[in-house]
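K.L.:
Dropping the structure in here first, questions after.
So, in structure tokens, the structure goes:
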């Protein structure tokens with residue numbers, strides 16, 4: 052009994068775990084990071100999607116708990132990611148305020164903008180660069196407490212101990228930064244695509260500049276027959292598509308171009324688009340981004356971010372891997388101690 056408890060303590064210190072409540076599946080992953088930076092999967096499994104607007108049903112919970120127990124993860128801490136469409140996200144520009152006042156002001160600003168009852172939501176904020184004198188730029192996020200409660204209760208009932216709640220798109224960005232060179236230089240567009248929402252994040256020299264959420268059916272994008280019209284100095288000459296099939300992604304690409312123009316009104320547009328999410332392996336998606344937005348578009352293929360006995364088969368693990376990797380600094384510190 053003592054040895055089993057001791058082994059669990061070591062597991063907590065050396066293994067990073069995340070549970071991803073994605074729109075298309077529930078995913079759990081446990082990874083370790085070697086001295087050379089390699090991520091090795093100890094566990095990776097998928098279960099049917101668990102909607103968070105209600106408690107997980109008993110049969111699904113039994114299956115989840117059995118998988119956790121089988122993997123030897125019972126009692127371990129984990130991070131939890133929630134599909135980005137369940138968050139309200141908006142950028143705000145406010146009169147410059149002190150760091151001490153910022154949390155309170157951001158809280159009230161989010162309540163007003165999202166028209167929510169503060170007793171029903173958890174609100175988060177992040178500071179963004181702002182070029183306007185006397186102003187502060189913020190990213191505001193709100194997620195219903197019902198969603199958080201259902202996610203954490205399911206994770207605890209399965210035998211894990213949740214230690215944080217992460218937005219799936221933000222977690223995917225963190226993982227992408229660690230696994231892909233070049234995030235810290237220049238202007239880069241990063242997109243995380245989920246079945247119900249795509250999130251565009253613009254980075255400059257490693258700093259988040261802008262966030263835009265675009266809702267839609269991105270699992271099977273609706274066809275479009277129009278191309279965005281060039282309307283400002285940041286306009287790009289559109290290139291012909293390589294295939295007519297690419298038109299099914301044109302609505303997302305056109306909205307992306309519009310959002311980038313708004314985000315980069317005082318600078319040139321990004322030169323690269325890095326994409327995660329199940330559709331990122333679709334060649335026509337990447338070609339459409341290139342044609343409409345004029346960007347070199349690359350799938351980051353999160354299935355290849357880690358190694359393990361069994362190969363991951365789809366680019367749907369970015370959020371889980373990104374959330375788990377948030378613990379690597381703490382793990383390194385624990386090992387050193």
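In this note's numbering, the protein residues as written are 52 to 388.
In this text, a Cβ means the ideal position worked out from N, Cα and C, and glycines have one as well.
(1) Rounded to whole angstroms, how far is the Cβ of residue 68 from the Cβ of residue 127, which I believe are closer than 8 Å?
(2) The alpha helix (DSSP H) with residue 262 in it runs from where to where?
(3) For residue 154, which option in 129, 118, 187 and 213 has the closest C-alpha, if you only look at C-alpha atoms?
(4) Can you give the Cα-Cα distance for residue 223 and residue 247, rounded to whole angstroms?
(5) Along the chain, where does the beta strand (DSSP E) containing residue 243 start, and where does it finish?
(6) In whole angstroms, what separates the C-alpha of residue 121 from that of residue 149?
(7) Should residue 330 go down as buried or exposed, given a rule of 16 or more other Cβ atoms within 10 Å for buried?
(8) Return the CA-CA distance between residue 284 and residue 313, expressed in angstroms with no decimal places.
(9) Once DSSP output is grouped into helix, strand and coil, what is the label at residue 313?
(10) Going residue by residue through the segment 170 to 219, where are the continuous alpha helix (DSSP H) segments of at least 4 residues, counting only ones entirely within it?
(11) Just checking my contact of residue 218 with residue 138 at CB under 8 Å: how many whole Å lie between their CB atoms?
(12) Taking 8 Å as the cut-off, decide whether the C-beta atoms of residue 201 and residue 105 are in contact.
(13) Can the beta-carbon of residue 264 be found less than 8 Å from the beta-carbon of residue 173?
(14) Is it buried or exposed for residue 258, if we count other Cβ within 10 angstroms and need 16 for buried?
(15) Where do the ends of the beta strand (DSSP E) carrying residue 95 lie?
(16) Sort 100, 176, 194 and 337 by Cα distance to residue 168 and report the nearest one.
(17) How far does the beta strand (DSSP E) with residue 250 in it reach, from first residue to last?
(18) Output the residue ranges of the alpha helix (DSSP H) runs that lie fully inside the segment 353 to 382 and measure 4 residues or longer, sorted by chain position.
(19) Among the candidates 142, 354, 124 and 70, whose CA atom is the shortest distance from the CA of residue 366?
(20) Let me check understanding here. Comparing Cα to Cα, which of 310, 94 and 75 lies closest to residue 101?
(21) So, for residue 322: in the same chain, excluding its five sequence neighbours on each side, which residues have a beta-carbon less than 6 Å away from its beta-carbon?
(22) Return yes when the Cβ of residue 103 is within less than 8 Å of the Cβ of residue 133, no when it is not.
(23) Give the single residue among 208, 91, 319 and 337 whose Cα lies nearest to the Cα of residue 112.
(24) Does DSSP put residue 230 in a helix, in a strand, or in coil?
(25) Closest to residue 356 by C-alpha separation, out of 347, 270 and 230, would be which residue?
(26) Am I right that residue 348 and residue 340 are in contact with their C-beta atoms under 8 Å? What's the rounded C-beta distance?
P.N.:
According to the structure shown:
(1) 6 Å
(2) For residue 262, no alpha helix (DSSP H) segment is defined; the enclosing uninterrupted segment is the beta strand (DSSP E) at 258 to 266.
(3) 187
(4) 16 Å
(5) 238 to 244
(6) 50 Å
(7) buried
(8) Because the pLDDT at residue 284 is just 39, under 50, the model does not fix this residue reliably, and the value given afterwards should be weighed accordingly. Cα to Cα, residue 284 sits roughly 11 Å from residue 313.
(9) helix
(10) DSSP runs (the alpha helix (DSSP H)) wholly in the segment 170 to 219: 196 to 208.
(11) Confirmed, about 5 Å.
(12) yes
(13) no
(14) exposed
(15) 90 to 99
(16) 194
(17) 248 to 255
(18) 369 to 375
(19) 354
(20) 75
(21) none
(22) yes
(23) 208
(24) helix
(25) The residue with the shortest Cα to Cα distance from residue 356 is 230.
(26) 4 Å
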